[in-house]
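Inspection log for the structure reproduced underneath, given as structure tokens.
Protein chains: 2
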Amino acid sequence: MNDSYDFIKACYGQPVARTPVWLMRQAGRYLPQYRKIRERVTFLELCKTPELAAEVTIQPVDALGVDAAILFSDILVPIEPMGQRLHYRPAPVLEPPVRSAADVAALQVLKPEQDVPYVLETIRLVRRELAGRVPLIGFGGAPFTLACYMVEGVGSRHFLALKKLMYQSPIVYAQLMDKITDTSIVYLRAQAEAGVQALQIFDSWGGILSPADYKRHVLPYSRRLIAALEDLGLPLIHFVKGAGTMLDLVASAGGQVVGLDWSISLNRARDVLGTKMAVQGNLDPSVLLGDQAVIEREVQRILDENAGRPGHVFNLGHGILPDVPPENAAFLVDCVHRLSQH
Amino acid sequence: MNDSYDFIKACYGQPVARTPVWLMRQAGRYLPQYRKIRERVTFLELCKTPELAAEVTIQPVDALGVDAAILFSDILVPIEPMGQRLHYRPAPVLEPPVRSAADVAALQVLKPEQDVPYVLETIRLVRRELAGRVPLIGFGGAPFTLACYMVEGVGSRHFLALKKLMYQSPIVYAQLMDKITDTSIVYLRAQAEAGVQALQIFDSWGGILSPADYKRHVLPYSRRLIAALEDLGLPLIHFVKGAGTMLDLVASAGGQVVGLDWSISLNRARDVLGTKMAVQGNLDPSVLLGDQAVIEREVQRILDENAGRPGHVFNLGHGILPDVPPENAAFLVDCVHRLSQH
């Protein structure tokens, strides 16, 4: 059943009639139907209310005709039960920041059924309401990206608190990463058991490190996480933003699909990754602010760069921007389908 | 005379006894002697007062033992006379932002001797005061990075106003880029005539574009700028931050040295660039927040990645951070000299 979806087939590198497409953050602020629901509840309330979270998860499937739904949630949701308070002002804030061995020791490993039942209930609801129309993708933050937020406490440009910890207290850093990895494993396994049909790991900040530091301080944890998910039999998408210069390292973490931002041509990325890994990407999200002629030109360019190789899921290279006209997002999906059809 | 400096030799790919090193933003806030001067004047007053600008240019030569001085100034200094007001609050603000064909038409091309005499006077003063100790590097922003600031008006994360102009009004965008390129040519030529012994072009934001957009919307202007400087006979360093995935394009713009951030291993970068181009880089600036053992380990790693190839100028992969202890910066310079000595 799962194998009949173009999205799933493409993840496994199998041929499809037309390139499947979904958009990171496709459930969100650029959609008026999403904003209408957000008038009534906060972002975190929305994440924690399965009926509403399921509704916004499905909105872009109806509005855009994408080939997959992605669970509406946030990578920081499993961090709150680990022991940090989570607020959105509107950017996320985690309090107090994790800085010491004692801070790390005080963190709990997540118990998904007990700590985040609303996530699992949302998944069950979405599966029921989608009734097989498109597959549902679950997701989580990569251990490094979660560590960035937990140590900084707030968003950051240079992540200096995280880097100080990594360089000056490598043992405390490793203990933190191990605990987050344990949480990520049980969290993503619970999502699979609740019914997601693919998993994406978001490493939004892995690209802030040199390849040498990525290999030393990130890769072992991402690799352990992915290895612990292998027996689930679901396609796993690993997206490390800004990692175009070290795709060989990213691929060595495992999984079926490497997510790509727009900083690398699809052609070059596929040359590095070889035929074993599928790819997902990689349109600059700002192209959706342009007119439709530019959108169509850029879709064609990316399809040309892929040169018909199987194993391509079309996506943006990062989340959709809040001020994108919804009709441009729908036009993009249509373009991908139309221009990739054999 | 110029040819006797290790820094200049390395720029031309000639062998040196030990790897030359300087640090981007080496004149700046992390130095107490700089902060003392800044107590008396604003940032812009400092840029416009040759005696003081010369003094802070030379401070790191004395304090750190670097192999080159770099003019103390700001890439936005030549923009003010083009017709935008420039403030620092403390981040730079250009008013009003350039958005239309009329805005572009109203911009003036710089007349260096008339518009920025203080820059040229600073160069003359520094050359006199350095008395040949180390060479002096001049610099300017690449046309694209200057356009980013001019169109956004303020710093930005996604540079959406710039990208909208680029995608929706490519002719206006091209007119703006042409005018900035004309300004950059006369500005950098004037610096050379005043006495700088090398030039660095900073393209801080070139890496926000896909390789396809970089090739279409940035490269022609950077190439024209560099071609117009070739007869000066000075080494030209071209630093495009975040361009590790398209170094072949960057190199095709010309010049002698490609600046590298830390997102790519020096080994891989040199493989792409071949033996024709020298490289500059590429330590993660946050390493200087760590202890000296980490600094020494990372310097050794970068020297190992270079594997003794001629044509390497050691530098950070971006500007030095304001909270780096000066003794760590001095230790870095010492490490590079000590560990690279034959």
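Protein chains in written order, with the numbering used here: chain A, 1 to 342; chain B, 1001 to 1342.
Positions of the beta carbon are idealized from the N, C-alpha and C atoms, including for glycine.
On a predicted model such as this, the values are computed, not experimentally measured, just so you know.
Quick one: does residue i have its CB under 8 Å from some CB of chain B?
| i | result |
| --- | --- |
| A:Y167 | yes |
| A:K163 | yes |
| A:G207 | yes |
| A:D284 | yes |
| A:T245 | yes |
Quick check: what's the CA-CA separation for residue i versus residue j?
| i | j | result |
| --- | --- | --- |
| B:L1321 | B:L1046 | 19 Å |
| B:N1267 | B:K1241 | 18 Å |
| B:E1193 | B:D1323 | 35 Å |
| B:A1105 | B:A1053 | 33 Å |
| B:R1085 | B:C1148 | 15 Å |
| B:S1204 | B:G1141 | 8 Å |
| B:L1332 | B:I1302 | 12 Å |
| A:W344 | A:I137 | With chain A represented from 1 up to 342, any question about residue 344 of chain A goes unanswered, as that position is not in the structure. |
| A:M347 | B:S1210 | Look at the range of chain A in this structure, 1 to 342, and you will see that residue 347 of chain A is not part of it. |
| A:A10 | A:V134 | 14 Å |
| A:S100 | A:P170 | 11 Å |
| A:H238 | A:L273 | 13 Å |
| A:A253 | A:L64 | 32 Å |
| A:L249 | B:L1176 | 40 Å |
| A:G290 | A:E327 | 12 Å |
| A:Y173 | A:L165 | 6 Å |
| B:V1109 | B:P1092 | 21 Å |
| A:G233 | B:R1270 | 40 Å |
| A:G308 | A:H337 | 13 Å |
| B:I1264 | B:H1342 | 26 Å |
| A:G311 | B:P1097 | 43 Å |
| A:I8 | A:T122 | 21 Å |
| B:P1081 | B:K1048 | 13 Å |
Closest to residue i by CA distance: which of the options is it?
| i | options | result |
| --- | --- | --- |
| B:F1144 | B:G1138, B:R1133, B:K1163 | B:K1163 |
| B:Q1346 | B:V1021, B:E1055, B:V1016, B:W1022 | Here chain B has residues from 1001 to 1342 only, and residue 1346 of chain B is not among them. |
| B:S1073 | B:M1024, B:D1067, B:Q1084, B:K1179 | B:M1024 |
| B:L1146 | B:E1121, B:H1158, B:I1075, B:D1182 | B:I1075 |
| B:L1107 | B:G1244, B:T1019, B:K1179 | B:K1179 |
| B:L1236 | B:I1201, B:Q1175, B:P1015 | B:I1201 |
| B:P1090 | B:W1262, B:A1227, B:R1038, B:Q1280 | B:R1038 |
| B:V1016 | B:L1332, B:F1314, B:P1326 | B:F1314 |
| B:N1282 | A:R270, A:A212, A:V119, A:P78 | A:A212 |
| B:A1207 | A:D261, A:F159, A:L219 | One detail in the question is off: residue 1207 of chain B reads as Gly in this sequence, not Ala. Checked all of A:D261, A:F159, A:L219; the closest Cα to B:G1207 is A:D261. |
| A:P285 | A:H318, A:D271, A:N306 | A:H318 |
| A:D67 | A:S4, A:R40, A:R29, A:R35 | A:S4 |
| B:E1095 | B:D1062, B:E1121, B:G1155 | B:G1155 |
| B:Q1059 | B:Q1026, B:E1080, B:V1294 | B:Q1026 |
| A:V116 | A:V218, A:V186, A:A329, A:A131 | A:V186 |
| B:V1218 | B:R1128, B:A1251, B:E1129 | B:A1251 |
| B:R1316 | B:I1295, B:L1125, B:M1150, B:Q1341 | The identity of residue 1316 of chain B in the sequence shown is Leu, whereas the question assumes Arg. It is B:I1295 whose Cα lies nearest to the Cα of B:L1316. |
| B:A1069 | B:R1029, B:Q1014, B:S1340, B:E1129 | B:E1129 |
| A:P325 | A:L288, A:G28, A:T275 | A:L288 |
| A:R124 | A:S222, A:A227, A:L71 | A:L71 |
| A:S222 | A:R157, A:V258, A:D6, A:L44 | A:V258 |
Between residue i and chain A, is the shortest Cβ-Cβ distance under 8 Å, so that the two count as touching?
| i | result |
| --- | --- |
| B:L1249 | no |
| B:V1294 | yes |
| B:T1145 | no |
| B:S1204 | no |
| B:L1160 | yes |
| B:G1242 | yes |
Compute the minimum distance between the beta carbon of residue i and the heavy atoms of the ligand GTP, and state whether it is under 7 Å.
| i | result |
| --- | --- |
| B:G1255 | The ligand GTP is not part of this structure, which contains no ligands at all. |
- Mind listing, in chain order, the continuous alpha helix (DSSP H) runs of no fewer than 4 residues lying wholly within the stretch 1181-1255 of chain B? 1211-1217, 1219-1227, 1247-1252
- Query: Taking Cβ-Cβ distances below 8 Å as the criterion, which residues of the stretch 1255-1270 of chain B are in contact with chain A?
  - Reply: Within the stretch 1255-1270 of chain B, the qualifying residues are W1262, S1263, I1264, S1265, R1268.
- May I ask you to list, following chain order, the residues of the stretch 287-315 of chain A that have a beta carbon less than 7 Å from some beta carbon of chain B? From the stretch 287-315 of chain A, only V287, L289, G290, D291, V294, R301 have a Cβ closer than 7 Å to chain B.
- Which residues, in chain order, does the stretch 1211-1225 of chain B contribute to contact with chain A at a C-beta distance below 8 Å? So the close ones are P1211, A1212, D1213.
- Starting from the N-terminal side, write out each stretch of the alpha helix (DSSP H) that is 4 residues or longer and does not extend beyond the stretch 1141-1169 of chain B. 1143-1152, 1160-1168
- Item | Residue ranges of each beta strand (DSSP E) within the stretch 275-320 of chain A, 3 or longer | Restricted to the stretch 275-320 of chain A, the beta strand (DSSP E) segments that are unbroken, complete and at least 3 residues in length are 278-283, 312-316, listed in chain order.
- Message: Give the list of continuous alpha helix (DSSP H) stretches no shorter than 4 residues that lie fully inside the stretch 1028-1072 of chain B.
- Response: 1032-1038, 1043-1047, 1050-1064
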